[in-house]
Amino acid sequence: MAQPLLRAVDICKSFSGVQALKHVSLEIQPGEIHCLAGENGCGKSTLIKVISGVYQQDSGYIEFAGKRFGKITPRDAIASGIQVIYQDFSIFPNLTVMENLAFNTELADGHKFVNRKRMRKIAEEAIAKINFDVELDRLVGTLSVAEKQMVAISRALMFNARLIIMDEPTTALTRKEVQALFKIIMHLKEQGIAILFVSHKLNEVFEISERFTIFRSGELVVTGNTSDLDDRKFTYYMTGREFEDKLFTPQNLSKEPVLEARGLGLTGFFDDVSFALRKGEILGVTGLLDSGRTELALSLFGIRPADRGALYKDGKEVRLKSPQDAIDARIGFVPEDRLSEGLFLPRSIADNVVISEIDRLANGAGVLDRAKRRAEIDRWVKELAIATPDPGNACLTLSGGNQQRIVLAKWLACNPDVLVLNGPTVGVDIGSKHDIHAILQRLANEGMAIIIISDDLPEVLENCSRLLVLKAGRVVKELLPAETSEQEVLSYML
Amino acid sequence: MQRFFKKLSRRSEPYIFLVLLALCVLIEIRSGQFFTPNNIVDKLSALVVPGIFAVGAFMVIVSGGIDVSFPALASLSAFATTKLLLDAGYTGGIWLPILLSLVFGAILGAFNGLFIGYFGLPAMIVTLGSSSVFKGFMQGTLESKQLAVIPEGMANFGRSALFVATNPESGLTSRMPTSFIVFVVVLAAAWFILNRTMFGRGIYAIGGNEVSAHRAGFGVRKTKFFMYVFVGMIASLAGLMRTCMMTQMHPTNMLGMEMNIIAGVVLGGTAISGGAGTLTGCMLGTLLIVVVENSMILLGIPTVWKDVFVGALIIIGTGVSALQVARANRVAARKNAKEVG
Amino acid sequence: MGIGAKFGAIYRRDRHISRLILMMIVWAAFMAITRFDKFYTLINFQTMASQFPEFGLMSLGIMVCMITGGIDLSTVGVANLVSICMATLMKGMANEESEIAAYVIPLCFLIAILMGALAGAFNGLLVSKVRIPPILATLGTSELFTGIGIVITDGKAVSKLPRMYSSAINSKIFGLIPTQLVFFAAMALVTWFLLMRTTYGTKIYMIGTSSKAAVFSGIRTDLLLVKTYMLSGICSALGGMVMLANYNSARADYGTVYTLQCVLIVVLGGVNPNGGSGRISGVVLAICLLQMLQTGINRFPQISSYYISLIWGAVLILVMVLNYFTEHNIRLFKARRS
Chain A
1 MAQPLLRAVD ICKSFSGVQA LKHVSLEIQP GEIHCLAGEN GCGKSTLIKV
51 ISGVYQQDSG YIEFAGKRFG KITPRDAIAS GIQVIYQDFS IFPNLTVMEN
101 LAFNTELADG HKFVNRKRMR KIAEEAIAKI NFDVELDRLV GTLSVAEKQM
151 VAISRALMFN ARLIIMDEPT TALTRKEVQA LFKIIMHLKE QGIAILFVSH
201 KLNEVFEISE RFTIFRSGEL VVTGNTSDLD DRKFTYYMTG REFEDKLFTP
251 QNLSKEPVLE ARGLGLTGFF DDVSFALRKG EILGVTGLLD SGRTELALSL
301 FGIRPADRGA LYKDGKEVRL KSPQDAIDAR IGFVPEDRLS EGLFLPRSIA
351 DNVVISEIDR LANGAGVLDR AKRRAEIDRW VKELAIATPD PGNACLTLSG
401 GNQQRIVLAK WLACNPDVLV LNGPTVGVDI GSKHDIHAIL QRLANEGMAI
451 IIISDDLPEV LENCSRLLVL KAGRVVKELL PAETSEQEVL SYML
Chain B
1001 MQRFFKKLSR RSEPYIFLVL LALCVLIEIR SGQFFTPNNI VDKLSALVVP
1051 GIFAVGAFMV IVSGGIDVSF PALASLSAFA TTKLLLDAGY TGGIWLPILL
1101 SLVFGAILGA FNGLFIGYFG LPAMIVTLGS SSVFKGFMQG TLESKQLAVI
1151 PEGMANFGRS ALFVATNPES GLTSRMPTSF IVFVVVLAAA WFILNRTMFG
1201 RGIYAIGGNE VSAHRAGFGV RKTKFFMYVF VGMIASLAGL MRTCMMTQMH
1251 PTNMLGMEMN IIAGVVLGGT AISGGAGTLT GCMLGTLLIV VVENSMILLG
1301 IPTVWKDVFV GALIIIGTGV SALQVARANR VAARKNAKEV G
Chain C
2001 MGIGAKFGAI YRRDRHISRL ILMMIVWAAF MAITRFDKFY TLINFQTMAS
2051 QFPEFGLMSL GIMVCMITGG IDLSTVGVAN LVSICMATLM KGMANEESEI
2101 AAYVIPLCFL IAILMGALAG AFNGLLVSKV RIPPILATLG TSELFTGIGI
2151 VITDGKAVSK LPRMYSSAIN SKIFGLIPTQ LVFFAAMALV TWFLLMRTTY
2201 GTKIYMIGTS SKAAVFSGIR TDLLLVKTYM LSGICSALGG MVMLANYNSA
2251 RADYGTVYTL QCVLIVVLGG VNPNGGSGRI SGVVLAICLL QMLQTGINRF
2301 PQISSYYISL IWGAVLILVM VLNYFTEHNI RLFKARRS
């Protein structure tokens, strides 16, 4: 085997006593696409920061291109050709593409004055490397997510990068954009640039990487060729647990639909969406990022009111103009972005659990009944097995899975007839994901009507009793998960 | 050409300019006195002090901060300069006062910069505190009182005129103060720094995204620190100009100006959250407020209505731009959806 | 566990409030040592208690706005406008001997509260519906309200009020408690109750933490913001009524220093300027601390009273720096546990 490009050997790193990395090693060959996977908090981002010099390891060493570094500094890392593309791309939305591309070089060269001609030249060279076509004078804030990512990638390439680390690069991309990104990654590979691709999405790992490494709780679990990996093994390596996939079969279907949509539409996003949802049923809605699925979810909760068609709750027409209308119609909603939309992170678990049902814990004048509040909190913490010593603690202190349970608890506490979940397990560990699925199935069997909106195909196939496929804002197919396959669903989505 | 106009229409400066122009035409129609040489000179002369202040306030807002301490800083620095030179019996020209006030301004600005830049404390709180400290230091420690006499050199500078404009009809004259040059110099220097130096681009970059700025290699703390030093110097210069132009030192009559200056900067299209805005817009916004404040008589409106008009202007101006932003976001979301869909 | 450790635990429970208490104790002790007989008199305390409600009431209003992540810079404007209108009204209702009927005073308070609520609702609409950043919206209305006050009074003071008003407010209940203090205490209690015991309180803390998550939780953010600014307006209006009594006149530019001073008090009281956290106990402590410092310094004739401003600013920055250090400790501490 050739000389590896990067060798991180026996790295340990601890933060005030807690070991984030325990004797982990990582090897990357030149021109290799390597995937680093692991659940939240497994230490993968710590390792990235050690490699890029943001953190200094406690023991172990790093060898890059045959040169051994005891402790690598950010400057060393950049000079040797290590570039990191962070999830937020580290861009300036208020400045032009040109400036975004040229700043790093200009600062690294120690220029004190702005030379627009020179900057334009730098920028032109940068975008030429990946054949990225963009107007250099546009403000970056007006670009699409994929274009912003291209800006970040072009910028990273300017420093004669030999290793590019991408931290969850596909999170906000449409499928088309992901394909475009993968093409660029392959193009970079041909130029001999190695890519360390951080992801926890199974299909991506399979699709793009040649080799993979999986971490769990700061330890290296396995490293090997992607061809030797399959679903079951991947899940096992990630979590250390085996899961049994339990297909959902509805048990207590009501006769009458509890929620019915007829020709629902929102100009520019989706149109003519009809479905009838019965109690005890889990309806899946899937589609690409741009299929209008998110907007449909928001419409069902009154955040982006539909402008056409009608919605019937228990046979009566309801108009959802605001989330309050939806709550009044007993519709609950678990949003896509847990951190910014679902939770009040610095506030206590208790406040987060009761906030949506709070009016029912008070008398007519709005004075809180503290005993009632306390009882509700205890009930939900117990019911959903939220792991916390004290519900007075801030939500920040919890793991992703527990946070998602709080969002669930918040809505279950409102006792809804219909629960709409948009991407219920995005960013949740595989372990918690299975637990959440189990909870949803149980709720349905207890008579709740549930809509899961998600592009995680295994998730919808396993948990839904019916599946609607959205494409360009229209329902193109209704499928029964028991009788279909991922390939078939995909063929309708694309 | 069409593209040029399209680009122009996306910026806020043309709108402010049109509003300003409309106001001027309105005043002209009501009074027939607006577009006279002496009136224009009067307005420009009234712009000097708020204009210099606005440049400093603008830089801070672009960096994502806010400064409410500049009037106190300017008062303290101008008072200290004047008092020191008076006590020393200084009789020379304007250069020493300018130099001295720049030094004081830099020191006081460094005080803000230390806490905001190096400790990372919220700019609003620090400048509230420092404003209080500066005022207390001036009135308590320096025992400031009104100084009816200021050093000869300063008074002469304040009285000196670049030229005198005469209204051909009424015969009224107005002097264009020499201090206008100082304003132009400050404006030019700020423009150069903000647009032609990496330090200035750093201010924009920090206002856009502080974490990214750090990763890109900008010295965020250092940039903030020196920016506050620079802003301190600018404010201090404004204080000195005001003292010269009034030919007396009134330690407290600048206090309370901060809000109208900030309002002018924001009216000019500077985003209060930082990162976006141009000096052109900032000056147009400031000029708009200056014109409204100083044109009541020409409009035949009693001057007691001044605050009502300025208040309404701020509310309507910021309200319109807030609604515009909301609409633009909606349109953009829809457009993006169409493009991909 | 010794007494020391116990105090340590109490201190750490809320460092910010503990520091404020500590500062107050130190200052009280200092005054006791240096100027005992001039500071520790009933009259002195009564005077203090009649002075601070002016800005104390306004600070309460700014506090609730800041908890939602906003700010209200129009408090002084509202206070002056209200006091001008009420002064004019009282003069209008007085007979030739400048006497008013007893019912006029409660009537004036009622109108004042309504005016305050109305002004606050205007602020609230600008912030929630038009979506102007609160700092700018209230800056504009501050100017507007002050301007209206100037127009009404022609920039002059409204004086020669019916004597009854000032003497009523300046009277002492049971010959002991100044009426102004009662207003403040009542308003503070109402605010405390609203914040800690009602759904409204919980909701505005949540809005301040994340207005986006609040929308997704089904909170009517617009309505709550309007209510909050109305509450602030009412606080300001009451502050204006107290000012009217204390100065026995009204003018559009009274108390202009109060705007920034109140913001300072609220921040020093531990309210996060970005919203979402802050306790009324902290703000009340900060109000009392300011008044004690001010009155205390006045007991030293050789020291210029202007030093108050200096000390005040220095205390604010000092507290922020101290918080900065403890926050960093907390961050280290958390990293250790996770």
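Keeping their order, the protein sequence lines are chains A, B and C. Residue numbers are given in the working numbering: position 457 of the first sequence equals residue 457, and the series is strictly consecutive. Position in the second sequence (from 1) plus 1000 gives the number in the working numbering. Position in the third sequence (from 1) plus 2000 gives the number in the working numbering. Every residue, glycine too, gets a C-beta built ideally from N, C-alpha and C.
In terms of beta-carbon proximity, residue 347/A lines the interface with chain C, with at least one pair separated by less than 7 Å. Think of a sphere of 9 Å around the beta carbon of residue 2200/C: the chain A residues whose beta carbon falls inside it are 366, in chain order. Closer than 8 Å at the C-beta level to chain B, one finds no residue of the stretch 249–263 of chain A. Scanning chain B for C-beta atoms nearer than 8 Å to the C-beta of residue 91/A yields 1209, 1212, reported in chain order. Residue 2252/C sits in coil when the DSSP states are folded into three classes, being neither helix nor strand. Assignment of residue 187/A by DSSP, reduced to helix, strand and coil, places it in the helix class. Per DSSP, residue 19/A is one residue of the beta strand (DSSP E) stretching across 18–28.
The three-state secondary structure of residue 475/A, taken from DSSP, is strand. Of all C-beta pairs linking the stretch 2203–2214 of chain C to the stretch 2023–2040 of chain C, fewer than three are shorter than 8 Å, placing the two stretches out of contact. Using a CB distance below 9 Å, the part of the stretch 2283–2317 of chain C facing chain B consists of 2303, 2304, 2305, 2306, 2307, 2308, 2309, 2310, 2311, 2312, 2313, 2314, 2315, 2316, 2317, ordered along the chain. Counting along the chain, residue 214/A sits inside the beta strand (DSSP E) bounded by residues 211–216. Remark: C-beta atoms of residue 1280/B and residue 1028/B do not approach each other more closely than 7 Å.
Secondary structure of residue 2101/C (DSSP, three-state): coil. For the stretch 2113–2135 of chain C, the residues whose beta carbon sits under 8 Å from a beta carbon of chain B are, in order, 2126, 2130, 2131, 2132, 2133, 2135.
Proximity of residue 2227/C to chain A, defined by a Cβ-Cβ separation below 7 Å, is not satisfied.
Here DSSP, grouped into helix, strand and coil, assigns residue 2061/C to helix. For residue 2209/C, the enclosing alpha helix (DSSP H) stretches over residues 2199–2209. Straight-line spacing of the CA atoms in residue 2045/C and residue 1149/B works out to 43 Å.
Straight through space, the alpha carbons of residue 2225/C and residue 323/A are spaced by roughly 17 Å.
Residue 1065/B and residue 108/A do not touch by the CB rule: their CB atoms are close to 27 Å apart, not below 8 Å. Between residue 1259/B and residue 2139/C, the C-beta spacing is below 7 Å. Residue pairing of residue 1164/B in beta bridges, as defined by DSSP: 1175/B. Interface residue (Cβ-Cβ distance to chain C less than 7 Å): residue 1122/B is classified as such. Of all residues in the stretch 1137–1155 of chain B, only 1137, 1138, 1139, 1140, 1141, 1143, 1144 come within less than 9 Å of chain C when Cβ atoms are compared, listed by chain position.
In this model, residue 2115/C and residue 41/A are separated by some 54 Å (Cα to Cα).
Two segments are said to touch when three or more pairs of C-beta atoms, one from each, lie closer than 8 Å; by this definition the stretch 2170–2179 of chain C does not touch the stretch 2099–2113 of chain C.
Close CB contacts of residue 1240/B within its chain, under the 7 Å cut and outside five residues either way in sequence, are with 1078, 1081, 1097, 1098, 1101 (chain order). In this chain, residue 13/A is not harboured by any alpha helix (DSSP H); it is covered by the beta strand (DSSP E) spanning 6–15. Closer than 7 Å to the CB of residue 24/A there is not a single CB belonging to chain B.
The contact set of residue 111/A on chain B, defined by CB atoms closer than 9 Å, consists of 1198 in chain order. Exclusion of the five residues before and after residue 2221/C leaves 2128, 2207, 2211, 2214, 2215 as the residues of its chain whose Cβ lies within less than 8 Å of its Cβ.
According to DSSP, residue pairing for residue 224/A in a beta bridge involves 212/A. The alpha-carbon separation between residue 2199/C and residue 2275/C amounts to approximately 17 Å. Boundaries cannot be given for residue 2131/C, as no alpha helix (DSSP H) includes it and DSSP labels it neither H nor E. Note on residue 197/A: 16 or more other CB atoms within 10 angstroms of its CB, so buried under the neighbour-count rule.
By a beta-carbon distance limit of 8 Å, residue 1236/B contacts residue 1074/B. Their separation comes to about 6 Å.
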